[in-house]
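Engineer: Numbering (this note's numbering), first residue to last: 14 to 279.
Just dropping this structure here.
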């Protein structure tokens, strides 16, 4: 086994055991509540996220999340805060939109208003930097990804997870019409519902795919790609991420896991 394959196996070993068909079905059921009952949707996503990050960090370093600084880029209204605080991590959500920060009426101590394009943290200052389902809402997602690596300590964990455009969930609330084009889907939603969709194509929703993320992760000089897999699939289906075209439609959500390199202090 090559060094890379052995390293990847070590990092994903714990989470791979958790990635069962039962988990996939449970998450799919919860995701059906995204618009009608966001607390159910985001609660399930939060619990899954802390398990994902905790398993990957333990696989990379052998350490628990306790006392580790965890920055959540695009933390939104704070649904993730409690589960990370329960793990005793030092959780810091970053969100650029003040209305989004207060959308759920949650108060998160230590939350930061800031942009993922220019994170308000020093180089090499956090143990873990992750972002869940945000990159598809950013005009320059790889600028954000580079920023995430910049602020992460050498040997620290960076995890970027995002929804793929050509997956069934790519159009968010405008699906499945996004397959006919993002602008068409948005206009159809407006005609049907009498209002604009929350995620407006070209402004707050963009068509990024698995190949885009893998290309960036393999080429960046700021970190080493350790693993890439479809987030919500059982372990036995992870192979699809290695099949071009197929992965764009069937992977649903891509996770790229990187180990950060040292960044020269600015």
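From the three backbone atoms N, C-alpha and C, an ideal C-beta is built for every residue, glycine too.
Remember, predicted model here, so these are calculated numbers, not experimental data.
(1) Have a look at residue 238 and residue 205 and give me their C-alpha separation to the nearest angstrom.
(2) Please name the residue, chosen from 36, 131, 159, that lies closest to residue 233 on a Cα-to-Cα basis.
(3) From the beta carbon of residue 135, is the nearest beta carbon of chain C less than 8 Å away?
(4) Grab me the residues of residue 132's own chain with a C-beta within less than 6 Å of its C-beta, minus the 5 sequence neighbours each way, in chain order.
(5) Just grab the DSSP bridge partners of residue 133 for me.
(6) Classify residue 215: buried if its beta carbon has 16 or more other beta carbons within 10 angstroms, exposed otherwise.
(7) Is it true that the CB of residue 218 sits closer than 8 Å to the CB of residue 194?
(8) When you compare each of 174, 169, 180, 248 to residue 77 by their alpha carbons, which one comes out closest?
(9) Return the chain-ordered list of same chain residues with a C-beta closer than 7 Å to the C-beta of residue 197, the five sequence neighbours on each side being excluded.
(10) For residue 9, count neighbouring Cβ atoms within 10 angstroms of its own Cβ and tell me buried if that reaches 16, exposed if not.
(11) Ends of the alpha helix (DSSP H) at residue 227?
(12) Closest to residue 94 by C-alpha separation, out of 59, 66, 127, 126, would be which residue?
(13) Assign residue 235 to one of three DSSP states: helix, strand, or coil.
(14) Answer with buried or exposed for residue 167, where buried requires no fewer than 16 other C-beta atoms within 10 angstroms of its C-beta.
(15) Would a C-beta distance cut-off of 8 Å place residue 72 and residue 40 closer than the cut-off?
(16) Using DSSP with H/G/I as helix, E/B as strand and the rest coil, what is residue 88?
(17) Per DSSP, residue 272 is paired with what?
(18) Using DSSP with H/G/I as helix, E/B as strand and the rest coil, what is residue 108?
(19) Which residues in the same chain have their Cβ closer than 8 Å to the Cβ of residue 246, if we skip the five residues on either side of it in sequence?
(20) At the level of alpha carbons, what is the spacing between residue 56 and residue 87?
(21) Can you pull the DSSP bridge partners for residue 214?
(22) Measuring CA to CA, which of 192, 172, 174 is closest to residue 180?
(23) Would you list the one or two residues that DSSP bridges to residue 267?
(24) Alpha carbon to alpha carbon, how far is residue 35 from residue 162? Give it in angstroms, no decimals.
(25) To the nearest angstrom, how far is the alpha carbon of residue 175 from that of residue 145?
(26) With residue 147 as the anchor, note down where its beta strand (DSSP E) starts and where it stops.
(27) Using only CA atoms, which one of 69, 22, 235 lies nearest to residue 156?
Structural biologist: With the given structure in hand:
(1) Note on geometry: alpha-carbon atoms of residue 238 and residue 205 lie some 43 Å from one another.
(2) Comparing Cα-Cα distances from residue 233 to each of 36, 131, 159, the minimum goes to 159.
(3) The structure shown has no chain C; it contains just one protein chain.
(4) Closer than 6 Å at Cβ, skipping near neighbours: 160, 164.
(5) DSSP output for residue 133 lists no bridge partner at all.
(6) Residue 215 is exposed by the Cβ-count criterion.
(7) Against a cut-off of 8 Å, the Cβ pair of residue 218 and residue 194 comes out as no contact.
(8) Residue 169 holds the alpha-carbon nearest to the alpha-carbon of residue 77 among 174, 169, 180, 248.
(9) Answer for residue 197: 190, listed in chain order.
(10) The chain is shown from 14 up to 279; residue 9 falls before or after that span and cannot be answered.
(11) Per DSSP, the unbroken alpha helix (DSSP H) holding residue 227 starts and ends at 223 to 232.
(12) Nearest option by C-alpha distance: 59.
(13) The answer is coil: DSSP assigns residue 235 none of H, G, I, E or B.
(14) In the assembly as shown, residue 167 is an exposed residue. Its beta-carbon has fewer than 16 other beta-carbons within 10 Å.
(15) Taking 8 Å as the Cβ cut-off, residue 72 and residue 40 do not qualify as a contacting pair.
(16) Coil at residue 88, not helix or strand.
(17) Residue 272 pairs with 170, 237.
(18) The DSSP-derived three-state label of residue 108 is strand.
(19) Only 32, 37, 253, 264, 265 meet the Cβ criterion.
(20) In a straight line, the C-alpha of residue 56 is about 16 Å away from that of residue 87.
(21) Per DSSP, the beta-bridge partners of residue 214 are 218.
(22) Of the residues 192, 172, 174, the one whose Cα lies closest to the Cα of residue 180 is 192.
(23) Paired residues: 175, 243.
(24) Straight across, the Cα-Cα distance linking residue 162 with residue 35 is about 33 Å.
(25) If I take the Cα positions, the gap works out to 6 Å.
(26) From DSSP, residue 147 is part of no beta strand (DSSP E); its letter is neither H nor E.
(27) Scanning 69, 22, 235 for the CA closest to the CA of residue 156 turns up 235.
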